[in-house]
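In the order they appear, the protein sequences are chains S and Z.
In the working numbering, each residue carries its 1-based index in the first sequence increased by 290.
In the working numbering, each residue carries its 1-based index in the second sequence increased by 290.
No residue lacks a Cβ here, since even glycine has one placed at the ideal position from N, Cα and C.
Note that the structure is a prediction, hence the values are computed from the model and not measured.
Protein chains: 2
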Amino acid sequence: MRTQRGASLTYGLLETLGQSIVIGDFDKNGFPTEAELCIRFGASRTVAREAVKMLTAKGLLSARPRQGTKVEPIAHWNLLDPDVTRWLMERQYSNKIYREFTEVRLAIEPVAAALAAQRANKAEIRAIRDGLNGMRNELHDHDAALAADIDFHVAILKASGNPFFLQLRALINTALRISIGLTNKIAGHTASIPAHEAVLLAIENGDAVGAEKAMRAILLESLELLASFQPETAH
Amino acid sequence: MRTQRGASLTYGLLETLGQSIVIGDFDKNGFPTEAELCIRFGASRTVAREAVKMLTAKGLLSARPRQGTKVEPIAHWNLLDPDVTRWLMERQYSNKIYREFTEVRLAIEPVAAALAAQRANKAEIRAIRDGLNGMRNELHDHDAALAADIDFHVAILKASGNPFFLQLRALINTALRISIGLTNKIAGHTASIPAHEAVLLAIENGDAVGAEKAMRAILLESLELLASFQPETAH
DNA sequence: TACATAAATTTGTAAGATAAAATAGCTCGT
DNA sequence: ACGAGCTATTTTATCTTACAAATTTATGTA
Chain S
291 MRTQRGASLT
301 YGLLETLGQS
311 IVIGDFDKNG
321 FPTEAELCIR
331 FGASRTVARE
341 AVKMLTAKGL
351 LSARPRQGTK
361 VEPIAHWNLL
371 DPDVTRWLME
381 RQYSNKIYRE
391 FTEVRLAIEP
401 VAAALAAQRA
411 NKAEIRAIRD
421 GLNGMRNELH
431 DHDAALAADI
441 DFHVAILKAS
451 GNPFFLQLRA
461 LINTALRISI
471 GLTNKIAGHT
481 ASIPAHEAVL
491 LAIENGDAVG
501 AEKAMRAILL
511 ESLELLASFQ
521 PETAH
Chain Z
291 MRTQRGASLT
301 YGLLETLGQS
311 IVIGDFDKNG
321 FPTEAELCIR
331 FGASRTVARE
341 AVKMLTAKGL
351 LSARPRQGTK
361 VEPIAHWNLL
371 DPDVTRWLME
381 RQYSNKIYRE
391 FTEVRLAIEP
401 VAAALAAQRA
411 NKAEIRAIRD
421 GLNGMRNELH
431 DHDAALAADI
441 DFHVAILKAS
451 GNPFFLQLRA
461 LINTALRISI
471 GLTNKIAGHT
481 ASIPAHEAVL
491 LAIENGDAVG
501 AEKAMRAILL
511 ESLELLASFQ
521 PETAH
């Protein structure tokens, strides 16, 4: 999922800086100079430069001689980069970003479900069903149920056959974790199994329109539940 | 749009390697070792390493000691990264990727248009109208008409108020350039002005459902036109 | 003041040395 | 022959130092 499994100095600094940038730690005093980075994080120039270069590649920074390194405005960030999405999740939750995530899901996932209904093979349908069964069997274990829920949605993205849709798995992962974190506060609430069953059934039957509607219903239900539960807050 | 305006050695090598990877130049012999990179491209280790690190940040490469640097499978690439999208465009056109692009557009743009109908302010509507007028006024100049067409679609993404939608501007840019490149081969064909007018009108009237349908019609029309014109080719 | 020139700051590039990781190969005892 | 453990090798990872380039600031001179 992330850029690399390894935890070298460079990737450690990448994580630290990425999170700090997303939180806004450098908004006041500006981004440190290369020399300051080395001092503050005990890194060599090589490590500092390579971490900055990777953050530049993700749109978070830009550097020019004499002018220094600057944090780019959020409009320039590669928001669909898995690392950036994860850093956004790890910072303080905000209703605004959850709504934005869900709007993206409302655009993508119903269309992906419709395509899956037209194209999914047996193995892909089995993967979707495994996700649903996991949700059924783990009603007691919130973490396991969440993992199964994510598996269900990602399996549909895969079954769509369009690799670009699959790129959004990190965002969906994030959105679902936020969603679950909130809905868990509502006593006894769990993801709606029947709604998920309806999506699977439509895909199995090759019913593109039905799959699209059923998936949209899941997302709208989740969105309305949250809206009714927690009023819009700042940010 | 791209990672950096500057044309330093590092960014030059980034471009060269990114294009080569996307084309598949390293599929046979594997990706060169750091030392080989320096020799083949006349770069210092610093430049070679930083370019590789940026490509790693975009999901195209991974590196481990002793094992070397390898091209990741396409499923791992950050396909929505503006640089990656541009490199994909610059390689040989293929019907498959055009269809995939259009599927993404069919998911995102109608929803963006619906949101724009609910939220767009006067300045944002003016930007959309400017794009449409540009298309009207530049019927003779294909390049200018294409630019106006792109402006029109990007203005709607902006007016949606969701920054994640705007991330797809590079993909839409690419898709439209491919589309225009093909439709220009059809004698006398130009983008349908009335269809675009319908979208603007619906947004101005706050008609979310109408805007969504009108935008979907534009994309479906474009897709069908191409399908009828050029039969599915390899890749 | 206006303009040219020098100085200072910060990133960009280069090169060499050493460390660490992971594979391949070898030695040796059984 | 076989396997455990050690050694060698390859390649990336890290550190250090030096210099170049770009750009802003300061300075000096007419």
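Contacts with chain S (Cβ-Cβ distance below 9 angstroms) from the region 361-381 of chain Z involve I364, A365, W367, N368, L369, L370, D371, P372, D373, listed in chain order. Against chain S, the CB of F442 (chain Z) has no partner CB under 8 angstroms away; the residue lies outside that interface. Fully enclosed alpha helix (DSSP H) runs of no fewer than 4 residues occupy 372-380, 385-409, 412-427 of the region 370-432 of chain Z, in order along the chain.
Where R354 (chain Z) is concerned, the enclosing beta strand (DSSP E) starts and stops at 351-354. For G349 (chain S), the number of other beta carbons within 10 angstroms of its own is at least 16, and it is reported as buried. Neighbourhood of I415 (chain Z) in chain S, by CB distance below 7 angstroms: empty, with the nearest CB roughly 20 angstroms away. Residues of the region 394-410 of chain S whose Cβ lies closer than 9 angstroms to any Cβ of chain Z, in chain order: V394, L396, A397, I398, E399, P400, V401, A402, L405.
Distances from the alpha-carbon of I446 (chain Z) to those of Z:L405, Z:E428, Z:D431 put Z:L405 closest.
Within chain Z, A365 have C-beta atoms less than 8 angstroms from the C-beta of L456 (chain S), given in sequence order. One alpha carbon belongs to A417 (chain S), the other to V444 (chain S), and they sit about 9 angstroms apart. With a 10 Å radius around the Cβ and a threshold of 16 neighbouring Cβ atoms, H430 (chain Z) comes out exposed. Taking all protein chains in view, the Cβ of L510 (chain Z) is surrounded by fewer than 16 other Cβ atoms within 10 Å, so the residue is classified as exposed. The beta-carbon of N452 (chain S) is placed less than 8 angstroms from the nearest beta-carbon of chain Z. The DSSP-derived three-state label of G308 (chain S) is helix. Taking a beta-carbon distance threshold of 8 angstroms, K503 (chain S) does not count as an interface residue toward chain Z. Note that the region 296-304 of chain S touches the region 329-347 of chain S; at least 3 beta-carbon pairs, one per stretch, sit closer than 8 angstroms. E390 (chain S) belongs to the set of residues whose beta carbon lies under 8 angstroms from a beta carbon in chain Z. DSSP lists S:A353 as the bridge partner or partners of T359 (chain S). Note that the C-beta distance between L436 (chain S) and R467 (chain S) is below 8 angstroms. The residue among Z:E487, Z:P322, Z:A410 with its C-alpha nearest the C-alpha of R426 (chain Z) is Z:E487. Contact check for I493 (chain Z) against A403 (chain Z) passes: the beta carbons are separated by less than 8 angstroms. In summary, the residues of the region 346-361 of chain Z whose CB is separated from some CB of chain S by less than 8 angstroms are T346, A347, K348, G349, S352, R354, in the order they occur in the chain. Using a 10 angstroms sphere on the CB of D373 (chain Z), the tally of other CB atoms reaches 16 or more, which defines it as buried.
Between A507 (chain S) and A407 (chain S), the CB-CB gap reaches or exceeds 8 angstroms. Identification of chain Z residues near K386 (chain S) by a Cβ-Cβ cut-off of 7 angstroms yields none; the smallest Cβ-Cβ distance measures about 10 angstroms. At a C-beta separation below 9 angstroms, K412 (chain S) has no neighbours in chain Z, since its nearest C-beta there lies roughly 20 angstroms away. Comparing alpha-carbon positions, the option among Z:F316, Z:A465, Z:N411, Z:I470 lying closest to V361 (chain Z) turns out to be Z:F316.
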